[in-house]
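Each residue of the sequence shown is one higher than the one before, counting from 135 in the working numbering.
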Amino acid sequence: MTPIKVRLNFSLFKKEQNSKLVLSNPLLDLLDAVKRTGSLTAASKELGYSYRHLWNEVKEWEKELGADLLVSGRGKNGELTPFAERLLWANKEVQAKYHKQLLDLKAGIAQTFSRAIKETWDPIQISGCPDMAIDILRQIAVDKGEDLEVNFSSSLEGLKSLNNHECDIAGFNFPLSSGRDSQACKIFSPYLNPESMAVITFATRLQGLAVPKGNPKKIYSIMDIAFKKAKFINRKEGTGTRLLFDKLLQASGLSSSDIFGYDNYSASTSMSAVAIASNRADAGICTANIAEESHLDFIPLAKEIYYLACTKEFLASQKGTDFLSFLKDIDWEPYSKQLQGYDFSHVGEILSPEEIF
Numbered sequence: 135m136t137p138i139k140v141r142l143n144f145s146l147f148k149k150e151q152n153s154k155l156v157l158s159n160p161l162l163d164l165l166d167a168v169k170r171t172g173s174l175t176a177a178s179k180e181l182g183y184s185y186r187h188l189w190n191e192v193k194e195w196e197k198e199l200g201a202d203l204l205v206s207g208r209g210k211n212g213e214l215t216p217f218a219e220r221l222l223w224a225n226k227e228v229q230a231k232y233h234k235q236l237l238d239l240k241a242g243i244a245q246t247f248s249r250a251i252k253e254t255w256d257p258i259q260i261s262g263c264p265d266m267a268i269d270i271l272r273q274i275a276v277d278k279g280e281d282l283e284v285n286f287s288s289s290l291e292g293l294k295s296l297n298n299h300e301c302d303i304a305g306f307n308f309p310l311s312s313g314r315d316s317q318a319c320k321i322f323s324p325y326l327n328p329e330s331m332a333v334i335t336f337a338t339r340l341q342g343l344a345v346p347k348g349n350p351k352k353i354y355s356i357m358d359i360a361f362k363k364a365k366f367i368n369r370k371e372g373t374g375t376r377l378l379f380d381k382l383l384q385a386s387g388l389s390s391s392d393i394f395g396y397d398n399y400s401a402s403t404s405m406s407a408v409a410i411a412s413n414r415a416d417a418g419i420c421t422a423n424i425a426e427e428s429h430l431d432f433i434p435l436a437k438e439i440y441y442l443a444c445t446k447e448f449l450a451s452q453k454g455t456d457f458l459s460f461l462k463d464i465d466w467e468p469y470s471k472q473l474q475g476y477d478f479s480h481v482g483e484i485l486s487p488e489e490i491f
């Protein structure tokens, strides 16, 4: 079989394109459409091409790759070959594994060209926990001509960057009803000085267990993961998701030693979803929208709040005032399908760190 080589390119647009994927490929878009719609005919309508055009494309790709993509035979033009299925899984893994890097690359390219066409460039810099709504916020900012720069890391790393004056805003997710004795409070509070810091409410997110479609192991709780010895995929220390899981674990009267796979963690919740969808894990924690995107079943467990921390000095500045107005004016309804489980009803509310702990 011909070894696969890759070349990346990018396109410039004035407005954000209607695509969930940061990185796209014509062949994989075609295969994904066939897989979802069930036929090459339906896929051609969805993609806006004629059936003959897509058929020719498939044949050209088969010749290029040296392998069949569609199962041959009457009435089977919507069935992918095992090779094509593996290509789709590889694409899912790439999208999840390099999601943060791809978003950073995309943002970096956009910001570089934005600087080229603007006389001045003084962006508001956001660092912290990866979140789809924050990425959409970045897209909206581009459409509205706002200067916003986002660098995803983790909740803890974002707060550290804020304290080191390396960003204007730090995004972190915090479990609801977490008191002063909670692990989340112990880890985050040292970086949120009530004298100099403020916290802006961004969104409430629904977190839960993601399991394979049909929930074959009948996992409905943290207890089920422990008692059924299910393979769990965790998140690394310092992430809000890991803190939430530890809180739920403690509330269930369990310890980390009761969870098979507790020390195995993924780089992101998207990677956790890929591990579950590819049967490398039986369960993991993620938001409702990520489970939906990955075609996994979702068992709601807890709500958490995604906060935006900043200094009081920034909040009182013109940049801070403009950002808050921009944040409050956004209509999130058009993004509801992408952001299942999100609630923006309190967006823009300003709190002191003492109020959230």
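All C-beta atoms, glycine included, are put in the ideal place defined by N, C-alpha and C.
Using CA coordinates, which residue listed in the options is at the minimum distance from residue i?
| i | options | result |
| --- | --- | --- |
| T338 | L382, D265 and I433 | D265 |
| K231 | T375, E447 and V156 | V156 |
| E467 | A250, S479, F457 and A425 | S479 |
| E488 | S330, K278 and S390 | S330 |
| R393 | S402, Q229, L382 and T403 | Sequence inspection shows Ile at residue 393; the Arg mentioned does not correspond to that position. Residue L382 is the option with its Cα nearest to I393. |
| I359 | V140, Q452 and A344 | A344 |
| S391 | T403, K363 and R414 | K363 |
| L199 | A218, G182, V205 and L188 | A218 |
| D456 | A275, L142, Q235 and D202 | A275 |
| Y183 | D163, E196 and S295 | D163 |
| S402 | S389, I419 and K365 | I419 |
| E99 | H233, G279, Q235 and Q229 | Since the first residue of the chain shown is 135 and the last is 491, residue 99 is not available in this structure. |
| E426 | Q472, G482, D465 and S400 | Q472 |
| G292 | L326, P434 and S404 | L326 |
| D315 | R220, L214 and Q384 | Q384 |
If the criterion is Cβ atoms closer than 8 Å, does the pair residue i and residue j meet it?
| i | j | result |
| --- | --- | --- |
| I492 | A409 | This structure does not reach residue 492, given that the chain is present from 135 up to 491, and the question cannot be answered. |
| L378 | P324 | no |
| G395 | I367 | yes |
| I270 | G305 | no |
| N307 | G387 | no |
| L222 | L165 | yes |
| G212 | L239 | no |
| Q245 | P257 | yes |
| F460 | G454 | no |
| P346 | N413 | yes |
| F336 | L430 | no |
| A332 | K446 | yes |
| L142 | F247 | no |
| D281 | W255 | yes |
| G482 | I334 | yes |
Residues in its own chain within less than 7 Å of residue i by CB, not counting five upstream and five downstream?
| i | result |
| --- | --- |
| S287 | S261 and G262 |
| E180 | A167 and T171 |
| I243 | F144 |
| L237 | V156, D269 and F286 |
| A450 | none |
| E227 | V408 |
| Q317 | L377, D380 and K381 |
| N398 | I367 and N368 |
| K234 | P264, F286 and S402 |
Keeping to the same chain, check which residues put their C-beta closer than 6 Å to that of residue i; ignore five residues upstream and five downstream.
| i | result |
| --- | --- |
| S428 | A407 and A411 |
| A422 | L340, F432, Q474 and G475 |
| Q259 | E283, C301 and D302 |
| S486 | P328 |
| G372 | S288 and L290 |
| P216 | none |
| P434 | L340 and G342 |
Which residue or residues does DSSP assign as beta-bridge partners of residue i?
| i | result |
| --- | --- |
| I484 | I334 |
| F147 | DSSP lists no partner for F147. |
| T445 | M331 |
| P309 | E438 |
| S406 | DSSP, once it has assigned bridges, lists no residue as partnering S406. |
| D431 | V345 |
| V284 | I260 |
| R339 | E438 |
| A304 | S261 and A443 |
| L204 | L214 |
| D477 | T338 |
| Y399 | N368 |
For the alpha helix (DSSP H) containing residue i, list its first residue and its last residue.
| i | result |
| --- | --- |
| T171 | P160 to T171 |
| F394 | Note, F394: premise wrong, no alpha helix (DSSP H); not H, not E. |
| I243 | H233 to I251 |
| L296 | S289 to N297 |
| Q317 | Q317 to F322 |
| F460 | Q452 to K462 |
| E180 | L174 to L181 |
| F361 | I356 to F361 |
| E194 | Y185 to L199 |
| L271 | M266 to D277 |
If you drop the 5 nearest sequence neighbours on each side, which residues of the same chain put their C-beta closer than 8 Å to that of residue i?
| i | result |
| --- | --- |
| N159 | N225 |
| G313 | C319 and F491 |
| I321 | L290, G372 and L377 |
| L188 | L164, L174, A177, S178 and L181 |
| E438 | N307, F308, P309, L310, T338, R339, Q341, G374 and L378 |
Going by DSSP, what residue range makes up the beta strand (DSSP E) through residue i?
| i | result |
| --- | --- |
| L388 | Run containing L388: none; DSSP gives neither H nor E here. |
| N368 | F366 to R369 |
| C420 | A417 to T421 |
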